[in-house]
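Numbering (the numbering used here), first residue to last: 1049 to 1179.
Glycine residues also receive a C-beta, built at the ideal position from the N, C-alpha and C atoms.
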């Protein structure tokens, strides 16, 4: 989330391009790839049951990020992710696929949708009782 903020607040195209070149360096790409691998390894070695809060946190953060990207970065010409372009005819498909990937990852890492179903039923019950 820092890269888009730095790009947004960087002064001038030259500074932005310099930062993006640094960010795409061999070292940083490998560090980020290693972080993903270590995160998966950590979850596999010390597993815990994912809660619905984990899913909601992921979805809220992702939605906020996409809104920032489309509302602030894209209009300024900072196109970090070509796949998130709202001008493509495939944009609805891409956004739906990203949402599906998050739900799939949550389920594959042991997340359960049962808690969500119980909370939804409880909310519906409380709404029907208050009416």
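- Item | Close beta carbons around residue 1154, own chain, < 8 Å, minus the five adjacent residues each side | 1098, 1102, 1103, 1106
- In chain order, each alpha helix (DSSP H) run of at least 4 residues that lies wholly inside the region 1125-1161: 1139-1156
- C-beta contact flag for residue 1142 and residue 1131 at 8 Å: yes
- Item | Backbone CA spacing between residue 1056 and residue 1176 [nearest angstrom] | 46 Å
- Message: Let's see if you can read the secondary structure: which residues bound the alpha helix (DSSP H) around residue 1101?
- Response: 1100-1116
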